[in-house]
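Quick notes on the structure that follows.
Residue numbers (the working numbering): -9 to 204.
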């Protein structure tokens, strides 16, 4: 076991507090490679998934293995694997979000790492995710910058990016900053391409910090 920073699910879809808890070694490429070796068809499915991303021109946005990982705390709490390759019929759903990350997010805030992507219905329910979460369709990413930014400047940059991208981008931005409790988010944010909107800690547009930054 190792001491590391875990993200504790607080309320609805992708709302977290960051705390120090004991977790197994998890979110690393070495851990992913071990997981691949433990299943007879995992390596072949991952190779197909990587080839699909290459064909769509988005394989270099984020390392493909990261798109298979689940939050370490959720995996521990829900007694499920840290990694899961999404069903093949859902693969096209993540492409628009990855293009937004490449074209809008990274230029605005720098390199990012994936905290959560696809969740199956059982894990989503266990973790308290929204019943219609875009994570169920592999159409959304929860991200953090690399290195990790956690202060208000990150969310100012994200909100400015979202505003500049405009409605044509169809970008959904979950900006989980709370001006009263500034460390609440741990630097976490959500990106999807399922419609232009933004929200904050309470998963409502009214709770988004973006209006306060205008």
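Even for Gly, the Cβ is constructed at its ideal location relative to N, Cα and C.
Source: prediction; values computed, not measured.
Item: Are the Cβ atoms of residue 128 and residue 83 separated by less than 7 Å?; Value: yes
Item: In this structure, what does DSSP give as the bridge partners for residue 188?; Value: 163
Item: So the beta strand (DSSP E) residue 135 belongs to, where does it begin and stop?; Value: 130 to 135
Item: Can you give the Cα-Cα distance for residue 149 and residue 58, rounded to whole angstroms?; Value: 27 Å
Item: Apart from the five residues on each side of it in sequence, which residues of its chain come closer than 6 Å, Cβ to Cβ, to residue 135?; Value: 99, 100 and 102
Item: Less than 8 Å between C-beta atoms, sequence neighbours within five positions excluded: which residues of the same chain meet that for residue 185?; Value: 160 and 162
Item: Residues in the same chain with beta-carbon distance under 6 Å from residue 238, minus the five sequence neighbours each way, listed in chain order, please.; Value: A question about residue 238 goes unanswered here, because the residues of the chain that appear run from -9 up to 204.
Item: Would you kindly work out how many angstroms separate the C-alpha atoms of residue 44 and residue 166, rounded to a whole number?; Value: 31 Å
Item: Keeping to the same chain, check which residues put their C-beta closer than 7 Å to that of residue 85; ignore five residues upstream and five downstream.; Value: 46 and 48
Item: Name the DSSP bridge partner or partners of residue 106?; Value: 132
Item: Tell me, to the nearest whole angstrom, how far the beta carbon of residue 94 is from that of residue 155; I am working on the premise that it is less than 8 Å.; Value: 5 Å
Item: Count the other CB atoms, across all protein chains shown, that sit within 10 Å of the CB of residue 88; report buried if there are 16 or more and exposed otherwise.; Value: buried
Item: Give me whichever residues DSSP pairs with residue 181 in a beta bridge.; Value: 131 and 163
Item: For residue 12 and residue 61, I'd like the C-alpha separation in whole angstroms.; Value: In this prediction, residue 12 has a pLDDT of 34, which is less than 50 and means its spatial position is unreliable; what the coordinates show is noted afterwards. About 14 Å.
Item: Measure from the alpha carbon of residue 151 to the alpha carbon of each residue in 54, 91 and 55, then state which is nearest.; Value: 91
Item: Using a threshold of 7 Å, state whether the C-beta atoms of residue 175 and residue 188 are closer than that.; Value: no
Item: Express the C-alpha separation of residue 180 and residue 74 in angstroms, rounding to a whole number.; Value: 19 Å
Item: Report buried or exposed for residue 190, applying the criterion of at least 16 other Cβ atoms within 10 angstroms of its Cβ.; Value: buried
Item: If we ignore side chains and look at the alpha-carbon of each, how far apart do residue 20 and residue 183 end up?; Value: 30 Å
Item: Compare the beta carbon distance of residue 32 and residue 26 with 7 Å and say whether it is the shorter of the two.; Value: yes
Item: So, helix, strand or coil for residue 15, using DSSP?; Value: Unreliable placement is indicated for residue 15, whose pLDDT of 46 sits below 50; no coordinate value is reported for it.
Item: Expressed to the nearest angstrom, what Euclidean distance is found between the alpha-carbon atoms of residue 54 and residue 140?; Value: 24 Å
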